[in-house]
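In my numbering, the protein residues as written are 42 to 310. C-beta atoms are modelled at their ideal positions from N, C-alpha and C, and glycine is treated no differently.
Have a look at this one:
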């Protein structure tokens, strides 16, 4: 039996319709807005230290949030059609990007979503470890987004592991085109991105992030080369930076849970 034989084909759009309100494990009401365009509503969720790091400089420590933060992550996954992360994240961590315990799967069904979310892995070079934990769990389709930089041998291998491999650009992934394809082909109306920093940065620069969820944890990693929630090339000028406004904040235990929403552009004069 091939690795892909147990997965299901894309659901119809009605199977991915979400409800209006919900409650996270931090006591906040979650907003299940759908996109107003042909692009998914994109959420980024990250835990960071008090000095803005998401891992130590040598990447030896990448998971440092509390059990409450992990519950919050799963609660957000329960609102999304698909969960997306970069290749480094799946290569270095034993994660399957699934919905978690039965209570979260029930919550998905209650909201009109498929029981198991789609899983999207991003790598411009196609360098994804075929032994990564995500490929060992076949409960839902796995989609790989890559570029023409990926060699034919890598693409061939990825096609044996993933349910779809989409080339979206020559040297860099065209995320606007990729996300439009995810919505049209796979009915992804809400997409949750879980890093890492370079993937987040690409989404911020493309103006595709609608909502940012941050958990600030009471730790300090320091280190000039320690990764942050948004690495990559960044913004050259303040005027062009991605602008957000605080939507909610809540302290739970020793952590602070923040939600920012994209700031609408100023009205045309």
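Item to complete: Assign residue 290 to one of three DSSP states: helix, strand, or coil.
Response: Strand.
Practice prompt. Could you tell me how far apart the beta carbons of residue 91 and residue 261 are, in whole angstroms, since I believe they sit closer than 8 Å?
Written response: Between residue 261 and residue 91 the Cβ distance is about 6 Å, and since that is below 8 Å, they are a contact.
Discussion item. I'd like to know if the segment 278–296 and the segment 123–135 are in contact, where contact means that at least 3 CB-CB pairs between them fall below 8 Å.
Written reply: Output reads no: the segment 123–135 does not touch the segment 278–296.
Worksheet item: Which term fits residue 201, buried or exposed, when burial requires 16 or more other beta carbons within 10 angstroms of its beta carbon?
Response: With fewer than 16 Cβ atoms within 10 Å of its Cβ, residue 201 is classed as exposed.
Fill in: Residue environment, residue 248, which counts as buried when at least 16 other CB atoms sit within 10 Å
Counting the other Cβ atoms within 10 Å of the Cβ of residue 248 gives fewer than 16, which makes it exposed.
Worksheet item: Three-state secondary structure (DSSP) at residue 188?
Response: For residue 188, the three-state secondary structure derived from DSSP is coil.
Worksheet item: Which parts of the segment 114–142 are runs of the alpha helix (DSSP H), unbroken and 4 residues or longer, counting only runs that do not cross its ends?
Response: Inside the segment 114–142, DSSP marks whole alpha helix (DSSP H) runs of 4 or more residues at positions 128–133, from first to last along the chain.
Practice prompt. Determine the direct distance from the alpha carbon of residue 94 to that of residue 130, and round the result to whole angstroms.
Written response: Each residue's alpha carbon lies about 15 Å from the other.
Discussion item. Going by the DSSP bridge assignment, what does residue 90 pair with across the sheet?
Written reply: Residue 90 pairs with 258.
Practice prompt. Compute the beta-carbon to beta-carbon distance between residue 213 and residue 187, rounded to the nearest angstrom, for a pair I have assumed lies under 8 Å.
Written response: 11 Å between Cβ atoms; not a contact.
Practice prompt. Measure the CB-CB distance between residue 252 and residue 84 and report whether it falls below 8 Å.
Written response: Judged by beta-carbon spacing, residue 84 lies within the 8 Å limit of residue 252, meaning their Cβ atoms are closer than that value.
Item to complete: Kindly indicate the opening and closing residues of the alpha helix (DSSP H) around residue 243.
Response: Taken as a continuous stretch (DSSP letters only), the alpha helix (DSSP H) holding residue 243 covers 238–246.
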